[in-house]
Each structure stands twice: as C-alpha cells, then as structure tokens.
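Only one structure is covered here, and it is reproduced in the block below.
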Amino acid sequence: MARFKRILLKLSGESLMGHQGFGIDPQRLADYAAQIKEIHDMGVEIGVVIGGGNIFRGLSGSQKGFDRVKGDQMGMCATVINSLALSSALGAIGVENKVMTAIRMEPIGEFYNKWKAIEALLAGYVCIFSAGTGNPYFTTDTGSSLRGIEIEADVMLKGTRVDGVYTADPEKDPTARKFNEISYHEVLERGLKVMDLTAICMCQDNHLPIYVFNMDVVGNLRKVIDGEEIGTLVKP
Ligand code: UDP
C-alpha cells in the first residue's frame, strides 16, 4: 500500500545533466523515467516539475549581461525542454503522460489549468508541469510548491543529490548532521537551503509537507512511497 496517493515530484535540472557539464544525460533521464514508472505502476498519481539549471538560469544570465526578465524566460523555456525530454522517456517505456505549460505554447504542451490537471491525474496520466510559474523572478521550487498545492498533493517529494536536510552542507562540512524530520519554522530560522524561501513559505502557509531525498540513487523513489525513512520530512 503506497504511503501517498498523489504526489508532486520536484526534480532538479542540474541533476539531469548527470556527470556531463551541461544538458541532458540520457542515462540519468532513463533512470528518472524508470523510477517514476515504478511508482506509477503502484497507482500513485504523479505531478512532476523539473528545473532548468542544466541549461539556463536567469540570475546567472543577468550576471553575464542578459536582461533579467528575458533571462528568466530563457530559464522557463529550459524547463520546457527538460519536461519534453522526460515526457519522451516516459512515453518510451509506456507511461502515458501530458506536458502542461505555464505559458501558452501549444502544441508543445497544454496550457496549464488546475482542473484539467486533476482530471488527467485521475485518468492515470503523469502530468509534467513546465515553465515554472510562468513569471520571472520565481524558481521551479516555487513552481512546484504552487502546483503541489493546486493539485492537492499529499506531499512534495524533492528529489536531490543529497539524502536529506543537514545542519550544514554535507558536501563541505564532514560534521554535518542529518535531520529525519524538521519543521518549516526551523528550516527558515536556521537558514537551511532546502528550497528557496518563497517556496518554503508557500508550503508552510498551505500545509504541504516536503520530503527531501536522494533521487540519483535508483530505487529511492519507490522506497519513499513504501514509507522507508531514507530522507528528511519537512512539516509543521
Ligand atoms: N524560472 C522563472 N520562473 C519560474 C521558474 C523558473 O523565471 O517560475 C527561470 C529562472 O530563471 C530559473 C530558471 O528558470 O533560474 C531555471 O529554473 P531553476 O533555477 O528553478 O532550475 P533548477 O535550479 O531546479 O535546475
């Protein structure tokens, strides 16, 4: 029996590049698709948001001279590219899915609408929500909080390359200690880098728990759904 009925899965664009310095690693993409298929076969309703950091980020673009709003629009287009790649990889293994876009761009994807998304989830489609919130100065973390809240997901699963939330960055500080559970309040108070502040505040205000886990280890998504305590739960 799955621990969650409906989830919003946030994948980072940066993880999608695997060991390459840029773009999409076909193996990593296939691994993500296979992990999603595994829980889809268990009957879990799945919404997915993917970042675009493997291709373009508006803020770093603006530091190199791009107009910030145009740079953010480029970043949102990058999330659409990643979403199409995931859609293709899911389709290749027989998982029916739909790409929805926060900005009108038919026929690339259907313009996002909460009720159409829920209808598609109930009909068994994996819904990939692309182009973030559709607005500049936001991130896909905020896009996934927003979509998670809108589709009334039981949880947002944040798939990262670390296995949870730590007192400090475990890649830099060997004394860093992992939390099994932590409150939104403590995340904010300690300034922990779980998601950006807007995203955390939205989850807190709208009671959407976040589960942070390492998605780069194949099989971990299934473990989270099975209730294994492999990551960190962020909750009230
Ligand atoms: N972005 C945006 N509005 C949104 C979501 C994303 O402007 O609602 C842009 C922003 O420039 C961001 C880029 O898209 O840098 C890629 O998204 P993000 O950085 O969240 O991707 P990740 O770091 O998770 O790969």
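If you're matching positions, the sequence shown starts at 1 in UniProt numbering and goes up one per residue. Every residue, glycine too, gets a C-beta built ideally from N, C-alpha and C. In this text, all values refer to a predicted model and were calculated from it rather than measured experimentally.
I'd like to know whether the C-beta atoms of residue i and residue j end up nearer to each other than 9 angstroms.
i	j	result
Met195	Ser130	no
Asn54	Ala33	no
Val49	Gly132	yes
Pro209	Val187	no
Ile149	Cys203	yes
Asp31	Asp216	yes
Asp72	Phe138	yes
Val99	Ile128	yes
Ile36	Val80	no
Arg147	Leu16	no
Gly51	Asn82	yes
Thr232	Ile182	yes
Leu192	Tyr166	yes
Ile151	Ala117	yes
Pro236	Tyr184	yes
Measure how close the beta-carbons of residue i and residue j come, nearest whole angstrom, since I'm counting them as under 8 angstroms.
i	j	result
Gly65	Met74	So it is not a contact: roughly 13 angstroms between Cβ atoms.
Lys5	Leu157	Wrong, their Cβ atoms sit about 13 angstroms apart, outside the cutoff.
Val126	Ile46	5 angstroms
Leu221	Glu38	7 angstroms
Ala85	Ile24	5 angstroms
Gly18	Arg28	4 angstroms
Pro136	Val69	5 angstroms
residue 238	Asn214	The requested residue 238 is not part of the displayed model; the chain covers only 1 to 236.
Are there 16 or more other CB atoms within 10 angstroms of the CB of residue i, so buried, or fewer, so exposed?
i	result
Ile93	exposed
Gly227	exposed
Phe179	buried
Asp41	exposed
Asn206	exposed
Ala123	exposed
Asn113	exposed
Thr140	buried
Arg57	buried
Gly159	buried
Gly21	exposed
Thr101	buried
Gly219	exposed
query = Between the stretch 167-180 and the stretch 84-96, do at least 3 Cβ pairs fall closer than 8 angstroms?
reply = no
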